[in-house]
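In terms of my numbering, the sequence shown is numbered consecutively and its last residue is 269. Ideal Cβ placement from N, Cα and C applies to all residues, glycine included. A short write-up of the structure that comes next.
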Amino acid sequence: MAKKYVTTENAPLSQFGVLESILLWQRRCEDALYSLLTLGARRPVRHLASVAMARVISKGDGISIYSRASSLQGFLSDGRRNEPQKVAGAAQCLGELYRHFGRRITSGLLETTIIATKLFKFNEEFVRQEALYMLQNALEGSGGNAAASAYTEAFRLIMRFAVGDKSFLVRIAAARCLKAFAIIGGPGLGVGELDSSASYCVKVDAFHCQVFLVGLVLSVSYFSLKLTHLAGAYSRPLRILFLLSVMHLLKHWVRCLLLE
């Protein structure tokens, strides 16, 4: 008599106790990567650790994204933990998580923006740069779905501190943040923010960086289109100012290309 075999291909892993074991090892991997990042790993190592953290969560139990993002925010918010390498590692990992899961953790964007503002108090260039990379990933990852106050605060940080930073690399990171704003549609920006962006364009003569110019061109071009679309909400002089700003930026961008 033929024996009957039970097919287990579609059986849930929890039936055999395997799922619990997998989740346990996922937590252990996350804890190990978190420790590596917050102990002050150097840039190449913390980049790999950040990517690995996002990969582990995406392949495993996705619910842990909330606890990991929260723990990283808590670490960065703690003023006593001010060692540059540790802070940079946590910021890079948080940015990587936003890049992959930003739409699931949009509620934390305002706190992340506040953290980025705090990181700008560091004298170390790479910390300020990582703060802007984190902010860029958070802006693009959220897709414009977070609270308007978060985007307003982020734009204030970029225009008040980042674009005029003494470091060339930090200014490039600021341009990428402006580009991110243009990509997601400039949420949370009103007349005041648009006016300050246009006014800043007159200072572009001091910069000869293609990336910085591209960021300004993209962002201000989008804002100009936004003004055209919402013509009734803005004054005619402000719309003209933005159109002139775009022409001014394009002129300097072309000049930089010709010089190179």
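Where the alpha helix (DSSP H) containing residue i begins and where it ends
i      : result
Lys127 : Leu118 to Leu128
Phe135 : Glu134 to Ser151
Ser158 : Ala157 to Leu166
Ile181 : Phe177 to Ile193
Phe110 : Pro93 to Phe110
Val172 : No alpha helix (DSSP H) contains Val172, which DSSP labels as neither H nor E.
Pro53  : Arg52 to Lys68
Ile7   : Because the chain is modelled from 10 through 269, residue 7 falls outside the range shown and cannot be assessed.
Pairwise C-alpha distance: residue j and residue i
i      : j      : result
Arg180 : Glu202 : 19 Å
Phe170 : Ile123 : 13 Å
Leu32  : Gly69  : 7 Å
Gly83  : Lys95  : 13 Å
Cys186 : Thr121 : 14 Å
Leu239 : Ser158 : Per-residue confidence for Leu239 stands at a pLDDT of 49, beneath the threshold of 50, marking its modelled position as unreliable; no derived number is given.
Leu148 : Trp34  : 31 Å
Phe129 : Leu198 : 22 Å
Arg52  : Ala183 : 19 Å
Ile114 : Tyr75  : 7 Å
Ala155 : Asp87  : 24 Å
Ile66  : Asn146 : 17 Å
Glu162 : Leu85  : 18 Å
Phe164 : Gly117 : 16 Å
Tyr142 : His56  : 12 Å
Leu45  : Met62  : 11 Å
Ala99  : Asn91  : 11 Å
Met168 : Leu178 : 16 Å
Candidates the options: closest to residue i by CA position
i      : options                           : result
Thr47  : Ala140, Ser80 and Ala155          : Ser80
Glu139 : Ile167, Tyr160, Ala125 and Leu106 : Ala125
Lys188 : Leu144, Asp174, Gly104 and Ser158 : Leu144
Ser151 : Tyr107, Gly71 and Ile72           : Tyr107
Ile72  : Phe135, Glu39, Ala163 and Val172  : Glu39
Ser176 : Leu103, Ser44, Asn132 and Thr161  : Asn132
Ala50  : Gln101, Asn154, Leu141 and Arg113 : Gln101
Pro93  : Ser116, Glu134 and Arg113         : Glu134
Ile192 : Gly153, Arg77, Leu178 and Asp174  : Gly153
Arg270 : Ala78, Asn91 and Tyr43            : Lying before the first or after the last residue shown, residue 270 is absent from the chain, which here runs from 10 to 269.
Arg64  : Tyr160, Met168, His109 and Asn91  : His109
Gly195 : Gly173, Tyr160, Leu178 and Lys127 : Tyr160
Leu103 : Asp174, Tyr43 and Val172          : Tyr43
Leu119 : Leu166, Ala99 and Asn91           : Leu166
Cβ-Cβ separation, residue j to residue i (assumed contact under 8 Å), whole Å
i      : j      : result
Ser30  : Glu105 : In fact, because the Cβ distance is near 26 Å, the residues do not count as touching under 8 Å.
Val136 : Ala97  : 5 Å
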